[in-house]
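Participant:
Numbering (the numbering used here), first residue to last: -17 to 277.
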């Protein structure tokens, strides 16, 4: 089996098969930077270690052989156990590149809304091997490498589909406070919201809400609100013919400079560049994976 070194990442933005494969092992006392993608699908396989993972408003307990599925534009963050040694594989691929492949496209539709699964040992080992093979094909680029890499992705999706059919879905952990606050933020992110105002609405002290929110999501209250606003701004930039300033105001930013600064910080692009790139005016929307750390 080929071997990936720590943090090795292979990125291919061109040629119709955008894919990124990575591997990480080590001990970490802090979470990785929060990220969310455009149309890319991210699959993570935990070979060892434990911790928690926040995805789209829910927190999941992860352990050996847990697979995470993160769909496009979903806010997520890893919350590691401080004493746990992690070994994790990471695969990101462009969803549009799978749309022309009937089996892969069908399974991806069935996995919408699913974020965590627990694979049996044999299937987890096979998934690990397939990620290694995809990395090798991308690295060597021998004849028909794209087809073999795409076949590897399809096989991983089939493994996930079988686990879905076998009821191996991992349910999120429940926290009543966060479970009530996050839907409120998702429905009111465009308004002026403060920690004090939201705390009062739920009859909580600002200190308690701030502490419990950070514990279960990995985000500070204000930072999560910024992520929600940028996430919606990304959708609006691609779906609406509105000026950037109007979009900034509609998602809750009352200063354009603050919107531009936070948008670039979280996506790597200015709002105008993001719109041009992902609407196909500069490059094909399905063929770009921007170079950000994912492990």
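Every residue, glycine too, gets a C-beta built ideally from N, C-alpha and C.
All figures in this text were calculated on a predicted structure; none of them were measured in a lab.
Examine the Cβ distances between the stretch 134 to 146 and the stretch 168 to 179 and report whether three or more of them are shorter than 8 Å.
Facilitator: Too few Cβ pairs lie closer than 8 Å, so no.
Participant: Determine which residues share a DSSP beta bridge with residue 43 and list them.
Facilitator: Residue 43 sits at position 61 when you count from the first residue of the chain shown. DSSP output for residue 43 lists 34 as bridge partner(s).
Participant: Note down the Cα distance separating residue 116 from residue 136, rounded to an integer number of angstroms.
Facilitator: As a first step, residue 116 must be located in the chain shown, where it is residue number 134. As a first step, residue 136 must be located in the chain shown, where it is residue number 154. Roughly 11 Å between the two C-alpha positions.
Participant: Quick one: using the 10 Å Cβ neighbour count with 16 as the cut-off for buried, is residue 42 buried or exposed?
Facilitator: Walking along the chain shown from the start, residue 42 turns up at place 60. It is buried - the Cβ of residue 42 has at least 16 other Cβ atoms within 10 Å.
Participant: Taking residue 77 as the reference, give the member of 23, 253, 69, 37 with the closest Cα.
Facilitator: Numbered from 1 along the chain shown, position 95 holds the residue referred to as residue 77. The candidate whose alpha carbon is nearest that of residue 77 is 23.
Participant: Are there 16 or more other CB atoms within 10 angstroms of the CB of residue 153, so buried, or fewer, so exposed?
Facilitator: Here residue 153 refers to the residue found at position 171 when the chain shown is read from its first residue. Residue 153 should be labelled exposed.
Participant: Under the rule that 16 or more other beta-carbon atoms within 10 Å means buried, what is residue 11, buried or exposed?
Facilitator: Indexing the chain shown from 1 puts residue 11 at position 29. Residue confidence for residue 11 is low, a pLDDT of 49 falling below 50, so the modelled location carries little weight; the figure read from the coordinates is stated next. Label assigned to residue 11: exposed.
Participant: Only counting the same chain, and skipping five residues up and downstream in sequence, which positions put a Cβ closer than 6 Å to that of residue 97?
Facilitator: Translated into the one-based positions of the chain shown, residue 97 becomes position 115. Around residue 97: 37, 51.
Participant: Measuring alpha carbon to alpha carbon, tell me which of 1, 254, 259 ends up nearest residue 123.
Facilitator: If you number the chain shown from 1, residue 123 lands on position 141. Residue 1 is the option with its Cα nearest to residue 123.
Participant: Using a Cβ-Cβ cutoff of less than 7 Å, which residues in the same chain neighbour residue 53 once the five nearest sequence positions on both sides are dropped?
Facilitator: Taking the chain shown and counting its residues from 1, one reaches residue 53 at position 71. Closer than 7 Å at the Cβ level, and outside the excluded window around residue 53, lie 23, 94.
Participant: Classify residue 64 as helix, strand or coil using the three-state DSSP reduction.
Facilitator: The residue you call residue 64 lines up with position 82 of the chain shown. In the structure shown, residue 64 sits in coil (DSSP, three-state: anything other than H, G, I, E or B).
Participant: When you compare the stretch 62 to 74 with the stretch 170 to 185, are there three or more beta-carbon pairs, one atom per stretch, that lie closer than 8 Å?
Facilitator: Not touching, per the Cβ criterion.
Participant: Ignore the nearest five residues each way along the sequence and tell me which others in residue 162's own chain have a CB closer than 8 Å to its CB.
Facilitator: Counted from its first residue, the chain shown places residue 162 at position 180. Excluding residues within five positions, the ones whose Cβ falls inside 8 Å are 184.
Participant: Measure how close the beta-carbons of residue 69 and residue 7 come, nearest whole angstrom, since I'm counting them as under 8 Å.
Facilitator: By 1-based counting over the chain shown, the position of residue 69 is 87. By 1-based counting over the chain shown, the position of residue 7 is 25. Contact flag correct, Cβ pair sits at about 4 Å.
Participant: Are the beta-carbon atoms belonging to residue 244 and residue 226 less than 9 Å from one another?
Facilitator: Locating residue 244 in the chain shown gives position 262, where the first residue counts as 1. Locating residue 226 in the chain shown gives position 244, where the first residue counts as 1. No, these two residues do not count as a Cβ contact at 9 Å.
Participant: Mind checking which residues open and close the beta strand (DSSP E) that includes residue 339?
Facilitator: The structure shown does not extend to residue 339, since the chain is modelled only from -17 through 277, so no value can be given for it.
Participant: Looking at the secondary structure, which residues open and close the beta strand (DSSP E) in which residue 9 lies?
Facilitator: By one-based count along the chain shown, residue 9 stands at place 27. Its beta strand (DSSP E) spans residues 1 to 9.
Participant: Report all residues from its chain with a CB closer than 6 Å to the CB of residue 128; omit the five preceding and five following residues, and keep chain order.
Facilitator: As a first step, residue 128 is located in the chain shown; it is residue number 146 there, counting from the start. Once the five neighbours on either side are set aside, the close Cβ partners of residue 128 are -1.
Participant: Could you check what DSSP says for residue 172 in three-state terms: helix, strand or coil?
Facilitator: As a first step, residue 172 must be located in the chain shown, where it is residue number 190. DSSP places residue 172 in coil when its eight states are reduced to three.
Participant: Nearest by alpha-carbon distance to residue 56: which of 211, 230, 258 is it?
Facilitator: Taking the first residue of the chain shown as position 1, residue 56 is located at position 74. The residue with the shortest Cα to Cα distance from residue 56 is 211.
Participant: Determine the DSSP secondary structure at residue 257, reduced to helix, strand or coil.
Facilitator: Your numbering for residue 257 matches position 275 in the chain shown. Of the three classes helix, strand and coil, the one that applies to residue 257 here is helix, per DSSP.
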